[in-house]
Every structure is written in C-alpha cells, then in structure tokens.
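If you count the sequence shown from 1, position 343 lands on 360 in the numbering used here, and the numbers rise without skipping.
Each residue gets a CB set at the ideal place from its N, CA and C atoms; glycine is no exception.
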Amino acid sequence: MAIESLGVGSNLNLSSLLDGLEKSEKTKLQPITAKLSSTNAKLSAFGQLQNSLESFQTAAQKLNDSKLYQGFATQVSGSALTAKADSTAAAGSYDIQVNSLATAESRATAGRADTDSIVGTGQLTINLGSKSTDIDITDGSLSGIRDAINKADAGVTASIINDGSGTPYRLVLNSQTTGAASTMSFDSTNSDLKSLFSGAETTVTAQDASITVNGLAITSSTNTVKEAIQGVTLDLAETTAAGASTKLTVNQDTDSVKTAVKDFVTAYNNLADKITSLTKPTGEGDSFRGAALTGNSNVRSVQSTLRNIMSSAVDGGGMNYLFEAGVSFSKDLTKSGKLEITDEAKLDKALSSNLDGMKGLFSGDGTNGIASRLDSSIKQMLSDNGVVGSAQTGLKSSVESLKDRSAKMQDSISTTMERYKKQFQQLDSLMSQLNNTQSYLAQQLDALNKAS
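Here it is as structure tokens:
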C-alpha cells in the first residue's frame, strides 16, 4: 500500500519499504491459496467423476428394465398405415387392406349475400351422436352464429366460406368426431334459424374406417384402430388399392436391446476415459505434474468395484458371464480397462435365440443381474456415506475451512500493515522535527560565527 506523502518529512523512501513489507506479509497467504486451489481442483474432479458415473448408471438402468426385453417392433410395407406394438403383442405376420378411412361429417348452409344481416335469434340445439348442446344465439348474423357455436364446446366447429356465387357466404359446420355414429342434427326455437340449419347440405358423410386383417372385416369409428391385432395400434393414413394389401410383421424388439448393450459399453468406456484424465500424471522430471486425483484411493475403489461386478458370474438363467453376450474387457494394451463388443455374432445369436438369458444376465430379478448390481453399487458410491459422496463432502468442508483461514489471514495482514503505516508515519514526523531542529541550530551557529 504505497503512501505518496510518506517519507517527505524524513527524506527516506518509506513508501517502498512499506510496499516491501506488505509483499512479505502476503507470502503468508500463498500456502493457503495453493491448498485452496488444489482442493477446489479435486472437488471439481469428483464432480466430473460423479457425472460420468451417473451416465453409466443410466445405461445400466436401461438394461435392468425388464420391459426392455418384452418389447415388440413392427415393420410395415407401404404408406397406408403405421403400427406400434406394446408388451402384450405377439409375434406374427398380417395382411391388411384399408378399405375406407373414418371421416367426420361436414355440412354447409345455403348461401347469403353478406355475413352481417340478421338470420334470427333464439336457442339453437346441436345434436352430435348422443351429445346434445343448447346454444343461445344473441347475435343472429352469420358471423355471430359462427362465433356462438365455436364458443359452445358442442363438438362442432363453424366457419364461413365464400363460394364466389351471387350469395357466396355459407356457414360450414364440421364435426370434431369421426365415425358413422357421430352425425349432426339441428333444432331451434327460431323458425329462421331452424330453416337455415335444416336446409344445410351434407358435404362430407360421417363414416367408420373399414379394414380387413387376414381376411377378417373390422370397423372402427376412428382412424386409430386398437386391439384389432393383440397389443398393436394401427394408425390409418390412406386406403390401399383394390386387390392390394399392406404387410405388417410383429417381432420381438431385439434392436432396442442391442442398442442398450452398445450404449452400456460406450458409457463405461467414457467413464474409464474420464478416470484416466483425472488420475494420469503428465511430464517427467522437473515438469512432472500429477492430475487432480492421481493416486486417490477412492477412485481406485470405484474402478475395482465396477470391474469386479462386470467380471463376476451371475445366476442369469442360462447366461452367467458378460462374455457370453459377446462383451468383454479389451486385451489390447492401448485400450486397457475398456469394454468391447468382441463378438457381435455371439451377441446377435443371444438376442435372437436367448433373449430370456440376456434379461437374466443383465437384470435377473431386478436385483441380481450385472446391470442391477451396477445400479445399486453406483447409488451407494454417490450417497453421503459412499466413496464419492463422502469424498465430496469432506472436500467441500475443507474448501470452507480454507476460505475462513484465508479471510482471517488477510485480516491479520491488514492489521499488521496498518500498524507499520502508523509507525512509519511517526518515524517520518520525528525525523522531520529533527531535521528542522538541525536546520535551526545550523542557522544560529552560522549567525554567531558571523557576529564574532
């Protein structure tokens, strides 16, 4: 802390001396700052390790989900429909003809010269299938009737079109529900309103969807057809040509299981790479630098626990070891500690002929498979009492303690420097007084010499 006026009275460079003392005092902070930086680096490293563990845990949880092994996939030829199967489906092949799509009824009233002149007011009743809605028409113009219908939640939407004729404005009414049972009818207490709607032209007829599945005729009020085939939902898009059909095949969804296995391998290898980056030192000799978690026993515990789980046998009901699914730890020294799909043909065979064995290997009964054991182990590692969770808690406590020590040391340095400043100011004042006394005495002696 340089004091510009300090040293003026004494003609001494007290400001530089004070700066030097302050630099010397601040060296007391260096060990604390270095320790705080190191501790924060370790805390950040454990946070990165936690994220990688959680990603691997997510991949393991997917393989631990019994529903993964119960899924079915569909294949559809052509564009007439799409299909989705759930876990209750059964493998099979189906020929499907889409004869007609389900449609919603549409009607259009007779044309009028404008949209503002009054047709009539009163109560309008709209019947849609078994639903009946009464609407109070207070603005009897075509636009007013349209707005009242749209606000009524009657299952019918209304719009006005212009057909280009001499009386071009027509009120168009569209049912929001498909199917032959969802026809519209209208009634009103006002004869003009009743006449307007009773004379409406049917432009689209309400009808059910009609399909044929392996020769069996099926109808549906909507274009989403459920349970025509067990566990399969069909979404109809267009009719098939006469004499043509759409081929639907339902098989067990082994592709999703294979993808989950590949994601599991990738997630573990990402974790292994992260551990390497957090523990591998760099440089040699004087340039040797340890990583944030080099030699950390908690990290070694994480590695050995996970590897032991994946290397040990499980009671998988036909598959007991990871290598039986074509997955094992790499023997390539450049990939040490990494998982690999070493035999994809073996994996494909297990998926096609022993899906129950795959389920037993990874999930078991939900607690004793490789994936379920990994899930439980990682949960424990990340808990407050786990090797990762407890390490993070301890490091967070150390950070707070070091911050407190740093603040106290800074206060101590500030107090010491304030004391030095006052001492230097006193010295400067004293030296100034001595210099003034010396100057006065010199003047008096000089005057005496001249007088003598």
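To the nearest angstrom, how far is the alpha carbon of Pro48 from that of Thr293?
Answer to the nearest angstrom: the Cα atoms are 28 Å apart.
Indicate whether Leu85 and Val221 have their beta-carbon atoms separated by less than 7 Å.
No, the pair does not count as a contact, with Cβ atoms beyond the cut-off.
Using a Cβ-Cβ cutoff of less than 7 Å, which residues in the same chain neighbour Thr194 once the five nearest sequence positions on both sides are dropped?
Once the five neighbours on either side are set aside, the close Cβ partners of Thr194 are Ala121, Leu145, Gly146, Gly172.
Pick from Ala254, Leu391, Phe73, Asp463 that is closest to Thr99, judged by C-alpha positions
With distances taken between Cα atoms, Thr99 lies closest to Ala254.
Sort Asn240, Gly386, Ser400, Leu141 by Cα distance to Leu213 and report the nearest one.
Among Asn240, Gly386, Ser400, Leu141, the Cα nearest to that of Leu213 belongs to Leu141.
Inspect the beta-carbon positions of Val404 and Asn315 and report whether they are closer than 7 Å.
Between Val404 and Asn315, the C-beta gap is smaller than 7 Å, which places the two residues in contact.
Output needed for Ala77: all residues of its chain with C-beta closer than 6 Å, excluding positions within five of it in sequence on either side, in chain order.
Taking C-beta separations shorter than 6 Å and ignoring five residues to either side along the sequence, the partners of Ala77 in its chain run Ala388, Leu391, Asp392, following chain order.
Considering only residues of the same chain and omitting the five flanking positions on each side of Tyr437, which have a CB-CB separation below 7 Å?
Result list for Tyr437: Leu35, Leu38, in chain order.
Hey, quick one: how far does the alpha helix (DSSP H) through Ala223 stretch, first residue to last?
Per DSSP, Ala223 lies in no alpha helix (DSSP H) and is assigned neither H nor E.
Rounded C-alpha distance that separates Asn453 from Asp428
Computed Cα separation, rounded: 38 Å.
What is the residue span of the beta strand (DSSP E) that Ser394 lies within?
Careful: Ser394 lies outside any beta strand (DSSP E), inside the alpha helix (DSSP H) at 387-399.
Sequence-distant residues of the same chain with beta carbon closer than 8 Å to Ala108, five excluded per side
So the qualifying residues of the chain are Phe89, Val267, Asn268, Gln269.
Hey, Leu265 and Thr91 are a contact pair by Cβ (cut 8 Å); roughly how many whole angstroms apart?
Going by Cβ atoms, the distance from Leu265 to Thr91 rounds to 6 Å, so yes, they are a contact pair.
Identity of the residue in Gly406, Asp209, Thr432 nearest Phe63 by Cα
Taking each of Gly406, Asp209, Thr432 in turn and checking the Cα distance to Phe63, the smallest one comes out for Gly406.
Contacting residues, own chain, Cβ-Cβ under 6 Å from Thr229 (five flanking each side not counted)
Contacts found: Gln114.
Quick one: Cα of Ser208 to Cα of Gly161, how far?
The alpha-carbon of Ser208 is positioned some 17 Å away from that of Gly161.
Own chain, CB closer than 7 Å to Asp112, minus 5 neighbours either side, in chain order:
Sequence-distant Cβ neighbours of Asp112 in its own chain, meaning closer than 7 Å and more than five residues away, are Asn231, Ser262, Lys264.
According to DSSP, which residues form a beta bridge with Leu265?
In the DSSP secondary-structure assignment, Leu265 is bridged to Val93, Tyr111.
Which term fits Ser96, buried or exposed, when burial requires 16 or more other beta carbons within 10 angstroms of its beta carbon?
When all chains shown are included, Ser96 counts as exposed.
Phe441 to Thr44 span [Cα, whole Å]:
Taking the straight line from one Cα to the other gives about 21 Å.
What number of angstroms, rounded off, separates the C-alpha of Leu451 from the C-alpha of Asp303?
Rounded to the nearest angstrom, the two C-alpha atoms are 55 Å apart.
Mapping the DSSP letters down to three states, classify Met18 as helix, strand or coil.
Because Met18 carries a pLDDT of 40, less than 50, the predicted location of this residue cannot be relied on, and the following value inherits that uncertainty. DSSP places Met18 outside both helix and strand once states are collapsed to three, so it counts as coil.
Apart from the five residues on each side of it in sequence, which residues of its chain come closer than 6 Å, Cβ to Cβ, to Thr126?
Hits under 6 Å: Arg187, Leu188, Leu213, Ala217.
Nearest-angstrom beta carbon gap, Ser83 and Lys376 [assumed within contact, 8 Å]
Going by Cβ atoms, the distance from Lys376 to Ser83 rounds to 7 Å, so yes, they are a contact pair.
Could you spell out the range, first to last residue, of the beta strand (DSSP E) harbouring Asn179?
In the DSSP assignment, Asn179 falls within the beta strand (DSSP E) that extends over 173-179.
Quick check: the stretch 304-323 against the stretch 334-341, are at least 3 beta-carbon pairs closer than 8 Å?
In the pairwise beta carbon analysis, the stretch 334-341 is classified as not touching the stretch 304-323: fewer than three pairs are separated by under 8 Å.
Got a sec? Which residues, its chain only, sit under 7 Å from Phe281 by beta carbon, not counting five neighbours each side?
Excluding sequence neighbours, Phe281 sits near Ala76, Ala77, Leu80.
Looking at Leu190 and Ala175, is the spacing between their C-beta atoms short of 7 Å?
Yes, the Cβ-Cβ distance between Ala175 and Leu190 is below 7 Å.
Which residues in the same chain as Asp225 place their Cβ atom closer than 7 Å to its Cβ, once the five residues preceding and following it in sequence are excluded?
In the same chain as Asp225, and ignoring 5 residues on each side of it, the C-beta atoms closer than 7 Å to its own belong to Ala119, Gly196, Ala197, Thr236, Ser237, Ser238, in chain order.
Would you identify the three-state DSSP class for Phe73, choosing helix, strand or coil?
Phe73: helix per DSSP, three-state reduction.
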